[in-house]
Each structure stands twice: as C-alpha cells, then as structure tokens.
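Heads up: the structure comes next, in structure tokens.
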Amino acid sequence: MIRVVDPGLDVATLTRLQSYQSEVDGSGTYPMQVEAAARMYGARARNDRSPFREVRTLLRGMCSGVERCMYCEDAPANEVEHVRPKSLYPELAFHWENFLFACGPCNGPKGNRFKLFVPPGTTSEYEAARVSGAPVVAPPAGDSLLLDPRVDDPLEFFSLDLVGTFLFVERHPLGSRERRRAEYTLELLGLNRRDVLVRARRTAFHHLRNALRSYVVDRDNKAAPSELAAHAETVRNTSHATVWAEMKRQHTKIGKLNELFAAAPEALAWP
Ligand SMILES: [Zn+2]
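Our numbering numbers the first residue of the sequence shown as -7 and each following residue consecutively.
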C-alpha cells in the first residue's frame, strides 16, 4: 500500500458530485440520508455515466503499476471505494476525497467495517459498523484507524521485509495509535494474511532486481535511450509499487541492493 497523489478533479465534475451530495444531505433525518446515499449511489455510480466516468478515469491514473488496486497493489482496480463507508457516513457518499480505486477482493471483505478512536485523540477503539437490526444512528465522533493513502503515507506506519518474509512490519511501538492503525489496516485488508499477495511481492522483488540489473548492462553497452527508458517503464508498470519504494528506501541496508543502486544511482529517482 502506497501513498496516492490526487491531481485534482475538474471543477465541472466536482460540481456535479456536490449536487448529488446536496440531494443526500437534504433528504431528511440521518436514517433517510443513509437510505438516500445507498439508493442514489447505486443509481448513479454503477455505470459509466458522467460524472463517474471522469471519476473513474482520474482514479485509474492515480493507481500504481498498471492500474492496480490502491490497497493490495495486486489486482486491477475496478471499484470506486469509499474510505469512510457511505452506510455510516452518507455525507461522504459523493465526496471526491473519500474515493479510492480498489479491487473486489479488497473492497468486499472490508465492507462496512470501520474502527474509530473514540473520543478523538484517545486510544480507545470503537467499531462503527452497524450490526444487522441495530438502530441506524450516526457513529460517534472519532479518528479513523484505517490508513487512508490519500492522507497518510502507509510507509511511515509499516515497512516491507525484503530479505525474508515479504510481510509488512509495523514501525511504531506497541500501545501507540500509529501501531494500532498499521495493525488494523493490515488485518482489515488482509495484506499479510493473503498468501497470494505475499508471494506476488516476493516475485515483484526478483523481477525489479532483474530489471535493474538488465538496465545496468544495457547502459554500460551504450544501448539506445529508448531501450534504457523501457527499463524504467518496466519498473513503473510492475505491480506492488511498495516493493520498489522499499527497495529504494532500504537499499543501503541490503548488500546486494546497495551494490546495484551504487551502479545505477539514477534509478533512485525512478518513481
Ligand atoms: Zn485490492
């Protein structure tokens, strides 16, 4: 999971989203807003009509690799994901900053689960997801545990073990909010639990290392600029962008990577 940069949605599309949001906000009591958010979102976002065509296009461009899911970085992203679930936060159903682009295997299990630190600023946790039959009331004010890659840099919260397990490892001490946010995010999205992701990160590492080696060989053999650029493009298009980010971040601590980046320091600037 890697930081997402928002280039900004165009004003016309934002305005249309805001008009949908105003309809939800104006639909009555909180339970009525929850119902309106589900109904209106279902009607307006589940096809390729504007403004969601523009929303999807921009989100796609914000993904890493070849349009990979913003959570797992593995599967093609194809679903607009609400960071704060619209069933709990109908006031964010059409809110651009609440949108990510994710895959079904990430979006589905996450569902409406959403933990908060309540009250804000504390370390006491509250599960905001509504159980079936529970009264439809707004969640209390609180800080999200789930990392939002638009706002948080996930790599400040965990690092990827590149020398053994290819698991994410929390970086903050036990008992801290940062530690709990990392643990909760990894658990909710299954980023360490899903073996397919772990194996894919390991494969990406070998693939990226080989791409860098090939680049060095080609560069030293005076290959054409287009051939050299193709190596950088391979790196950029490889799934699991976190692996490349961590290779750059950790290279001085891993002998073989250190040698490789010493031979091609320019690759440290490849995104
Ligand atoms: Zn995913």
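The C-beta atom is built at its ideal place from N, Cα and C for all residues, glycine as well.
Everything numeric in this text was worked out from a predicted model, so none of it was measured.
Phe86: not part of any beta strand (DSSP E); DSSP gives it neither H nor E.
The alpha carbon of Ser79 has as its nearest neighbour, out of Val16, Arg48, Asp66, Arg194, the alpha carbon of Val16.
By DSSP's assignment, His74 forms a beta bridge with Phe91. Considered as a whole, the region 219 to 249 harbours 233 to 242 as its complete alpha helix (DSSP H) runs of no fewer than 4 residues, in chain order.
Comparing C-alpha distances from Glu89 to each of Asn184, Trp236, Leu1 shows the shortest one belongs to Leu1. Here the alpha carbon of Ser218 sits roughly 36 Å from the alpha carbon of Asp187. The nearest non-hydrogen atom of ligand 1 is less than 7 Å from the C-beta of Ala94. Pairing Ala196 with Thr230 gives a Cβ-Cβ distance under 8 Å. Taking the Cα of Glu117 as reference, the smallest distance to any Cα among Ala254, Leu137, Lys102, Asn104 is reached at Leu137. Ile246 and Pro146 do not touch by the CB rule: their CB atoms are close to 20 Å apart, not below 8 Å. Within 10 angstroms of the beta-carbon of Leu166 lie fewer than 16 other beta-carbons, which makes it exposed. If you draw a straight line from the Cα of Asp212 to the Cα of Leu154, it comes to about 27 Å.
In the three-state scheme derived from DSSP, where H, G and I count as helix and E and B as strand, Val188 is classed as helix. Boundaries of the alpha helix (DSSP H) harbouring Glu46: 44 to 54, taken from the DSSP string.
Contact between Leu152 and Thr177 fails: their C-beta atoms lie close to 14 Å from each other, not under 8 Å.
Proximity of the beta carbon of Asp66 to ligand 1 is indicated: a heavy atom of the ligand is located closer than 7 Å. Listed in chain order, the non-local C-beta contacts of Ala121 below 7 Å within the same chain comprise Asn104, Arg105, Phe106, local neighbours out to five positions each way being set aside. DSSP places Val16 inside the alpha helix (DSSP H), whose first and last residues are 3 to 17. The region 86 to 156 is shown to contain whole alpha helix (DSSP H) runs of 4 or more residues at 96 to 102, 146 to 149, in chain order.
Taking Gly182 as reference, the option from Ala67, Pro97, Ala85, Val3 with the minimal CA-CA separation is Pro97. Under DSSP, Glu162 shares a beta bridge with Phe150. Contact check between the region 58 to 66 and the region 20 to 30: fewer than three CB pairs, one atom from each, fall below 8 Å, which does not count as touching.
The Cβ atoms of Leu92 and Glu65 lie no closer than 8 Å to each other.
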